[in-house]
Each structure stands twice: as C-alpha cells, then as structure tokens.
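> First, the structure itself, so that you have it in front of you.
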Amino acid sequence: MRRLLIQGLCLLVLLVGAPAWALDPARKVDEYTIARWTMEDGLPHNLIHAIHQDADGYVWTGTWEGAARFDGRRFTAYDAGTVEGLEIEGVRAITPHPQGGMVLSLGRVGPGVLRFHQGRWQRLPGRAGTLADVSVLRYGPDGALWIGTDHALFRMEADGRLLEIESDHARLANERVLTILPLQDGRALVGNRHGLFRIDQGKASEWGSGVGLPETSVLAVQPSRWGGLLVGGSAGVWRLEHGRARQITGERVEAMLEDRNGNLWVSTLDGLRRYAQGRYETLGEREGLMGRLAPALFEDRDGLLWVGTTNGLYRISDGPVFGLGRSSGLRDIYVRAIIERPGQGVWIGHPMGVDAWQAGRSRAVPLAFDGKSDPSVLSLANARDGGLWIGTYDQGVIHLPAAGEGAQGSPWRLDEADGLPSNHVRALLERADGSLWIGSNEGVTVYREGRIVRHYDADDGLPDGNVYVLYETAQGVLWIGTSNGMAMMQRDGTLRRWTPMSDFPAVAAFDFLADPDGSLWVATDRGLLHWRDGTFMQFDHRQGLPNNRLFRLLEDDNGDFWVSSNRGVFRISRPALTAVENRHLTRLPVEAFTHADGLPSSQANGASAPAGWPMRDGKLWFATANGVGVIDPDDARRQRSQGVTLVIESVEADGRVLPLQARYALAADTRRVVIRFTGLNQRAPERLRYRYRMVGFDRGWIETDNGVAHDAVYTNLPAGRLRFEVQVMNAPADWSRPEGLVMRTADLDKAAPWWLQTWAMVAYVVLAGVLGWGVLLLAMRGQRHRQHRLQVQIDARTSELSDKNAQLEQAGEANARLLEQLAYQARHDPLTRLANRRAGDAFLAEALDTSRREGRPLSVALLDIDHFKTVNDRYGHAFGDDVLSQVAALAGQAIGDHDDVLIARWGGEEFLVCQQLPWSTARARLDALREGIAQAGIDTPDGGTLRCTVSIGVAELEAGQDLRDLLRVADERLYRAKQQGRNRLVSG
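Numbering-wise (the working numbering), the sequence shown opens with residue 97 and increments by one.
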C-alpha cells in the first residue's frame, strides 16, 4: 500500500506544471544573485510566513501585518487599513485558487479565510470564512481545500461543505497542523509535532512511524522528482522510497523544497542549504541572506527561489550576470586587470596583488620579493614563455615565470633602476617578435633580449599623458591609447598621432578592437568610435548609449559588442551599429547590465589593461569597483526571449477604482482617468520596457522608462468610444519586431454631456444662423457711420504722429545709450573692469551645458591674492584697490581674451578663471599667470615695490558633476594651495 501511495505521488508531480526555468545547477550557490526587500520597500512586515505565486505571475507574501502582492518592482500591500470592512493581518498561509485568484488566512482580529479575485476580496462561504488560527492552506487535485489550524484539520469540499478530520484522534485533536500534502482520491499526508499522518476517507492513521520516521515534528513534506517522498522536520530531512526512510541530514529543517532539477533546498539555522550529488553548499549572512529563516520557501514559474526570513523577502536568481568578490576568496575587490592563462585559470589583478581563480576557487599569488611587499597591480599580459607579465602602480614590471620552471623560475623585476622611465605601468603587450612593450605615464618603452632598446614619448610623436592600452592587429599595426589622444605605429616604426577634440573626437582612448576589413573600434571617454578610411564615426548618448565613458570593449561568439562603463556593461548589436552608421536607424537598441542584474557594481574599472577578458567558455569577465563581473552572453540571449505577462491592474476615474471588466463606462463629467499596468517577469523586471497610447487621442506611442510605477494618466478625455493599448517587451526594445511583444487593451465609453448631444447641436446651428443674420445687418449699418468718422480722425492724427515720431527717435537713441551702459555695469566689476560674479555664473552655466552637449573640456580655477589683508592694513584700502586692478589687468593679459575663457572677480581678492580648453593647456595658462603676477612689481605709496603672489586651485569637470561640485573641488584645492605655502597651483 505504501509503495502504491508513493507511486501515486510521483504521478502527481508530473501533473503539476514545472517552471520553464530553473536555477543553473552547475553554478556554486555563491554565484547566484541575491536580491532583498524589506518594509522600506513596501512589505507590511519583515517576517515572512508564506510565499506563493498567482496565475498572472505576481508573487504573494504573508506577514504579521498583512499580505503583499509583488510584480518584481513594486509591492501592493493589503493590511488592516487597505480593504474596507476587513482587517488583513497575521497572514500565515497563502495558496492559489484553482479557478483564479489567491486564498489566504487572517489572524485573530477578524479571523478567517479570504479569496482575492479580479481586484475584489471576499470571505470563503460558511464556517471556513471565519476559521481562526489558520496555519496551512492547500488545494488538492480534486479541487478540495485542506485547511490546517493551530487546533484542528479541515477539508472544504468544492461545493463549500466544511468537514473536520478526526477531531477525536489523540495525536491530531488540539494540535497545530504544520504541513499538508493533498493526494489523489481525497487523501492527504499531514504533519504535526507528533509525526506524519495519512488521511483516507476522513480517517487518520499514523503513517510516518510505519516507514521508519522518528516521532518528531514534521514541518514539510513533498514528492521527489527522483521518486518517493521528502519529509523534513526537527529531526532533519528523510527520503521515503520503497517503504523505507533514509536520512539525508539530521539538522532541523524550517522549510524544504526540491527544485525542478532535483536539487534539495533546506532552510536551517545556519542558512539555506543546497544538497546535490551527496554534498551541500550554504547561503548565509556572508552571501547576503540575512536573518533567521522562516518556513517560507518557494520556487516560482521562472525557476527562481524566494526565501522568507525575519529580515525580509529574498530572491535567489541565476541570470546571465554574477559576481566574484570577497565571499569568493578575492583579497581585494577593486579589480583592475583580468586575464585567462592557458591551463592556469583566470588571473585577477587588484591593489593587493594578484589572485588566481581556478576550479571555482581563488588563491593568492605571492609577488613579494627583493624586500618589497605585494604590489598594487594595474596591468597583466601573457608571456610567450608561459609566464606572466605584471604591471604595477609603483614597482615597475614583474615577470612571473611559468609553473614548474624550478630554481631558474624565480620572479624578477624591471623598474627605474634598470632604465624604465616610470614604475607606473598601466599597459603591457608582448608582440610577435618577442619584444615587450610597456605603457606608462612617461610613454612607451620597448624591452627586448634582456635590455631596454627604445623609448617613445611626446618628442617622438606620442600623445603626452598616461598610456592606457597597447593593441596589436593581425597585420602587425600597433595602436596606443592614452589619456590625451591615441596613436598608431606602422610596422616600419612610423607614428601617427590623433589629438583630442581636433582630429580625434574624444580625449582618452581606453581600448581597441580591430575588424578584419582594417577598420578599428575605439572605446573612449566620448563614446564608441569607428575608425574607417581615415575618419571617425562617433556613437554616444545621442545614439542611445547610457554613458559616454567606455572602458573595455569585447566581442562575444555571436559577434555582438560588450563594453564596460561607469553605468554598467552594455551589449551593442553589430547589425544595429551598422544600421545607425548607414542612417537606417537613429538610435541604438542598447542592453544595459547593472548591479540590479547581478554585477558586483555598476561602476566598471578602466584605464588599465586588460580590464576584462573573453573566456574560452564564451563568458565575459569585467573588472569592477566591487569585484569581478561575469556575463554569459548565451544566457543573456535566452533571457531576452523569456515570456512576459502583461496585466492591466486597475482603472481609476476621478480617484475611484472601477471594477475590472471588458468595457469601462465613464460618466460625462469624468475629468481624470488613471490606468495602472505592469509586466510580470520576476527574473529581470527592471529590463521590461513599455509603451502605451489612447487610440484616437494620443498622436503616437508613449514610451516609459523602467521605473517602479507604470501609470497612464489622462485628463479631459473626449466623449465617445476609446481604446487604451499598452505593450511590453524585454530590453532592448525593438517595437518593430512582433516576437517577444505582449499587448493588452482596455475599452472605455465616455458619455457626452447634454450640451454635446444631438438635439443640442441642432439647436446650436439654428440659433447661430438667426443671430448671425441679425449681427450682419447691424454690422453693415454701423460700418458706414464709422468709416466717415474714422477718415476725419486719420487726417488729424497723421499730423500729430509726424511730430511725435521725431521726438520718439531722439528719446530712443538716448535710451539705447543708457541701456548699453546699464548692461555693461550689470555684468562687470567697476573696480577691475572684469566680469562680475553674476556674469561668471551665467558663463559657467552655459559652459557646463556646452561641455555636456558637445563633449568639450571644462576647467574652473579659483585665484586668491596671497596676504592681501596685510596689504590693506599696511598701505590702506585705496592702494589695495589699485593692487586688485593691476592683478586683474595681468590676468587678462596672461589668459587672453577668447570666447572659451572667462575671468571674473568672484569676491574680495578672489577671482574665477573658467576655461573650455584641454586640461594640459588650461593648467599651463594658469601656471603662466601665477608666475607673471609673481614677477610683476607694483609701486607702493612709500616709494617701494610690492611683489604679489597668488594661490590657485583648479578642477576639471568629470562625469556626473554639477557646478556646485566643480566649484567645491576648486575651492578645496585653493585651500590646499594656501596650506602648502601659497604662490602655487594645486590641480589634484
């Protein structure tokens, strides 16, 4: 009999629809992404009792303070104050209703069992609607609802009859039901603190002890996909198969779930454990799963795990992105360089050195020798001898020999003592001829056969500044990216340089990628550039890029680009780039992956090489400010094809929620209509994109962003029949492609007011005709009289106006001169004749807008005369004014009068210098100004000569800064200039 029962349970599993997705069993649990929501995000309470999912895809949670429905971005709470006439609190059990909606239990205040369906709440009929202390709700295959309370067990038939099961059984009466598993033919398995019981035709029998289970609490029971039953409780987890019980673990179980891959997930006091192939892994506080786990564990239709704890709701997912950080064994999470070494795993450079990741584990690579500690690593490159080249922040280049080289395989260093111009190395490249090319802040150095043979810098035609990347094409052409432009070196050594903002539409070049046709892609601080036939095509925010500063550029096996930035990692389709370049498209459909998708940080790292690597298994690894971001492009493609459910949640008319229906009738005086909709994709809700329109009212589709709330608000809709249409699809949204697009509609009928009805319109026409005829007759009579009187007035006025015109011309000329003088005084300082602070503010605002729109550089300097108070105290304020005037004149002469430069008196002895020039040029001009002032002499009233000095703080506009931040940085650097002894310029 027991064997037949277990076989029946296996059949039941096959009848229950499995989710379309499941967590990737090949990943370690710490490679999953954990998301958390608490009361601050909209939960009624942080302690989660129950989790389930309805037919639309909403995830429902039960808490002490009520229930909540979650669409992936927003919670809709149902608590004591939400539903009129009901106090929804103490929700301990939730289950889907077979005919739609959700059924949930209430606590002791207004207890019972409710059903939510089509936006309405109602109690279950009869006594079930008022049952107290309900702890378990489960529907059986026959449509009957099994109800477990703290004192009894009930079965509610499909016709509404409520039957109490074995109220006189010694071990069931007045006992709390902990779990129920409904079976075929009206049977069920029930667990409580005494063990596992079988219910058959309303009779209970002790079943667990007969198959070898201990007589302890049973908290969970479910069929196994591998056959048999799984039972969990205070004595651990047991597998029941062929009439025997085999223990899997002896730890107490709060909740238990076997996912669709057959992995067993168990909530324990230590965290959430996954049992697979005879071993287990644990997700706990170290991985971000906080609080004590509650008996709420659920696998949704997308294969995601939802976990309830005392600290909120958690979602465990395995999207195309995951991160490696300290919990994975990395010593430092500020990752700068990544490289794959054949047979040796992935090597990761960071400020504490290098870690090697292999077979799912991280180990530290010792780099301390010659009395020096582990260096801060900036760059990595594979060596042809099987070793590794390592570029460091201040220790030059380290060569790490191949494993197994014995005594001759000791690491050695190449630094300034060996002739290297700088120990600060951000780029390395071993070329086909065996030479090592080293990029530093002093240019490019060539090392061959044990010695430095050549060095290239600005004198040889290289851009000045840091070298960020060295890239060799298949044709042997070397591309050099720097902080101040880029260069190309032909095989014969010929150099060509591109200068920022002249023949190069960017400033910094961070990465290169060559195409077989000889063209080149460049990741820069001004977007993605395509160099072809000697010209650049620029792709930036104007073509749809979320961020212009791009670092690492990789190509996946499908030919698409993946590029890292300070706003995440972007996937850009090759065909889309071609379409925009050929003007067939205006915007790129960019797919962005951020911290919300599983990246350790949305801020990727760049300006070091390589800041990412394409692995042999097809995955792409990127360096971020909080660890390594790993992206599986194949998983990303599958995620884009995942189905979405679109729901119109509610329609409101003037603040009143209308019952859900096929067609909505609106009164004639309805002024405001709000239609709330949402797409349901719990795996990646932030990737949903929407557009909507009211047909016949909106001129076109209205696209919405990926914010939390999705409301379409209309005011003063016209009378008549209207249709609201809304569409959703996964990003990147290409609305021209029907695959993956889901649409829903809502029909509305708005009544016309009485003054717009047919009879009123006819009356309007007749009345208008009569009034029009009468008005016409009166108008013709009055016209003749007015015409005569008007002619007399014209003659008199003509003479008068001629005199007035002459007077006005004279007054106008005087006013123009006065206005010109006032305009000059309003924008200039009367003492120094420089622009005043008001003019400086206006110029700054316009310069910031130009910089953001056109990508032009912008720097702001604050200049302060040193010891000016002493000058005033010794010679008087009149001489102090003379000093201010002469310093202002010197500033004007040194900086020059250009459209992209402004000098303004900022207050007292402080001046503002704003320059829309490259950083190096701006600094050089300011330093020349400082030196010019220091060398100039000013005659004093006592016959002596005063030599003034100035302190300058200068700041360059960076991404994300506003004017306040920019001025603050300049002011802080001015303060540092004063502290460091005055008469100096501080720029960093």
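All residues carry an ideal CB built from backbone N, CA and C; glycine is no exception.
A quick note: this is a predicted structure, and the numbers were derived from the prediction, not measured.
1) Residue 944 and residue 1063 look like a contact to me (Cβ under 8 Å); what is the Cβ gap, rounded to whole Å?
2) For the ligand ADP, any of its heavy atoms closer than 8 Å to the Cβ of residue 307?
3) What are the start and end residues of the alpha helix (DSSP H) that includes residue 383?
4) Identify, in the order they occur along the chain, each residue of the same chain with its Cβ nearer than 6 Å to the Cβ of residue 223, setting aside the five sequence neighbours on each side.
5) Using the Cβ count rule (16 or more neighbours within 10 Å means buried), how would you classify residue 301?
6) Determine whether the beta carbon atoms of residue 836 and residue 806 lie at a separation below 9 Å.
7) Return the chain-ordered ranges of every beta strand (DSSP E) run that is complete within the segment 629–693 and spans a minimum of 3 residues.
8) Is the beta carbon of residue 419 closer than 9 Å to that of residue 694?
9) For residue 249 versus residue 262, is the C-beta spacing smaller than 9 Å?
10) Out of 185, 1055, 213, state which residue places its alpha-carbon closest to the alpha-carbon of residue 637.
11) Under a Cβ-count criterion, where at least 16 other Cβ atoms within 10 Å of its own Cβ denotes burial, should residue 855 be classed as buried or exposed?
12) Could you tell me whether the segment 448–458 touches the segment 753–760, where touching means 3 or more Cβ pairs closer than 8 Å?
13) Thinking C-alpha only, which one of 159, 664, 559, 567 is nearest residue 533?
14) Give every residue of the same chain whose Cβ lies closer than 8 Å to the Cβ of residue 1014, excluding the five residues on either side of it in the sequence, and list them in chain order.
15) Measure from the alpha carbon of residue 1076 to the alpha carbon of each residue in 1012, 962, 284, 978, then state which is nearest.
16) For residue 920, which of helix, strand or coil comes out of DSSP?
17) Since residue 896 sits in a beta bridge, which residues does DSSP pair it with?
18) Where do the N-terminal and C-terminal ends of the alpha helix (DSSP H) with residue 729 fall, by residue?
19) What are the start and end residues of the beta strand (DSSP E) that includes residue 717?
20) Helix or strand or just coil, what does DSSP make of residue 519?
21) Cutting at 8 Å between CB atoms, please list the residues of its own chain near residue 1034, excluding the five before and the five after it.
22) Just grab the DSSP bridge partners of residue 174 for me.
23) Suppose contacts are defined by Cβ-Cβ distances below 9 Å. Is residue 988 in contact with residue 933 by that definition?
24) Any chance you could list the beta strand (DSSP E) runs of at least 3 consecutive residues sitting entirely within the segment 250–286, in chain order?
25) Tell me the DSSP bridge mates of residue 539?
26) Along the chain, where does the beta strand (DSSP E) containing residue 478 start, and where does it finish?
27) Just to confirm the assignment, what range does the beta strand (DSSP E) spanning residue 191 have?
28) If you run the structure through DSSP and keep just helix, strand and coil, what is residue 869?
29) Kindly indicate the opening and closing residues of the alpha helix (DSSP H) around residue 1015.
30) Residue 846 to residue 789, Cα distance in whole Å?
31) Whether or not the segment 428–437 and the segment 133–151 are in contact is what I'm after, with contact meaning three or more pairs of Cβ atoms, one per stretch, closer than 8 Å; do they touch?
32) Would the segment 522–530 and the segment 554–567 be scored as touching if the rule is three or more Cβ pairs under 8 Å?
33) Which stretch, first to last residue, makes up the alpha helix (DSSP H) that contains residue 977?
34) Can you tell me where the alpha helix (DSSP H) with residue 409 in it begins and where it stops?
35) With 16 as the cutoff for other CB atoms within 10 Å, does residue 270 come out buried or exposed?
36) Per DSSP, what are the beta-bridge partners of residue 1048 in this structure?
With the given structure in hand:
1) Position 848 of the sequence shown, counting from 1, holds the residue named residue 944. Position 967 of the sequence shown, counting from 1, holds the residue named residue 1063. Rounded, the Cβ-Cβ distance is 11 Å, inconsistent with contact.
2) Judged by which ligands are present, the structure shown has none, so any question about the ligand ADP falls away.
3) For the purposes of this step, residue 383 is taken as the residue at position 287 of the sequence shown. No alpha helix (DSSP H) holds residue 383; DSSP gives it neither H nor E.
4) Taking the sequence shown and counting its residues from 1, the one referred to as residue 223 is at position 127. So the list reads 258, once near-sequence residues are dropped.
5) Along the sequence shown, read from residue 1 onward, the residue named residue 301 stands at position 205. The residue in question, residue 301, is exposed, as its Cβ has fewer than 16 Cβ neighbours within 10 Å.
6) On the sequence shown, position 740 is the one that residue 836 refers to. On the sequence shown, position 710 is the one that residue 806 refers to. The answer is no: Cβ separation not under 9 Å.
7) 631–635, 646–651, 657–661, 664–668, 687–689
8) For the purposes of this step, residue 694 is taken as residue 598 along the sequence shown, with counting starting at 1. For the purposes of this step, residue 419 is taken as residue 323 along the sequence shown, with counting starting at 1. Taking 9 Å as the Cβ cut-off, residue 694 and residue 419 qualify as a contacting pair.
9) Mapped onto the sequence shown, residue 249 falls at position 153. Mapped onto the sequence shown, residue 262 falls at position 166. Their beta carbons are under 9 Å apart, which means residue 249 touches residue 262 by this criterion.
10) As a position in the sequence shown, residue 637 is number 541, starting the count at 1. Considering only alpha carbons, the answer is 1055.
11) The residue labelled residue 855 in the question sits at position 759 within the sequence shown. Flag for residue 855 reads exposed.
12) no
13) As a first step, residue 533 must be located in the sequence shown, where it is residue number 437. Minimum Cα distance to residue 533 is reached at 567.
14) In the sequence shown, the residue the question calls residue 1014 occupies position 918. These residues qualify, in order along the chain: 580, 596, 597, 603, 953.
15) Working through the sequence shown from its first residue, we reach residue 1076 at position 980. For the residues 1012, 962, 284, 978, the minimum Cα distance to residue 1076 belongs to 962.
16) For the purposes of this step, residue 920 is taken as the residue at position 824 of the sequence shown. If DSSP states are grouped into helix, strand and coil, residue 920 belongs with the helices.
17) Here residue 896 refers to the residue found at position 800 when the sequence shown is read from its first residue. Paired residue(s): none; residue 896 is not in a bridge.
18) The residue given as residue 729 occupies position 633 in the sequence shown. 729–736 is the span of the alpha helix (DSSP H), which, as asked, contains residue 729.
19) Position 621 of the sequence shown holds residue 717. Run containing residue 717: 716–720, per the beta strand (DSSP E) assignment.
20) Walking along the sequence shown from the start, residue 519 turns up at place 423. In this structure, residue 519 counts as coil in the three-state DSSP scheme.
21) As a working note, residue 1034 is residue 938 in the sequence shown. 978, 979, 982, 1041, 1042, 1043, 1044.
22) The residue given as residue 174 occupies position 78 in the sequence shown. 163.
23) Along the sequence shown, one-based indexing puts residue 988 at 892. Along the sequence shown, one-based indexing puts residue 933 at 837. No, the Cβ-Cβ distance between residue 988 and residue 933 is not below 9 Å.
24) 258–260, 275–278
25) Residue numbering aside, residue 539 sits at position 443 when the sequence shown is read from its first letter. Answer is 536, bridged to residue 539.
26) Reading the sequence shown from its first residue, position 382 is the one you call residue 478. Unbroken beta strand (DSSP E) run through residue 478: 473–478.
27) For the purposes of this step, residue 191 is taken as residue 95 along the sequence shown, with counting starting at 1. 190–192 is the span of the beta strand (DSSP E), which, as asked, contains residue 191.
28) The residue given as residue 869 occupies position 773 in the sequence shown. Residue state, collapsed to three classes: helix.
29) Translated into the one-based positions of the sequence shown, residue 1015 becomes position 919. Per DSSP, residue 1015 belongs to the alpha helix (DSSP H) from 1015–1031.
30) On the sequence shown, residue 846 is found 750 positions in, with the first residue counted as 1. On the sequence shown, residue 789 is found 693 positions in, with the first residue counted as 1. About 17 Å.
31) no
32) yes
33) The residue you call residue 977 lines up with position 881 of the sequence shown. From DSSP, the alpha helix (DSSP H) with residue 977 extends over 973–991.
34) Taking the first residue of the sequence shown as position 1, residue 409 is located at position 313. Premise fails: residue 409 lies in the beta strand (DSSP E), 408–413, not in any alpha helix (DSSP H).
35) Mapped onto the sequence shown, residue 270 falls at position 174. Counting Cβ neighbours within 10 Å, residue 270 comes out exposed, since fewer than 16 surround it.
36) Numbered from 1 along the sequence shown, position 952 holds the residue referred to as residue 1048. According to DSSP, residue 1048 bridges with 959, 1081.
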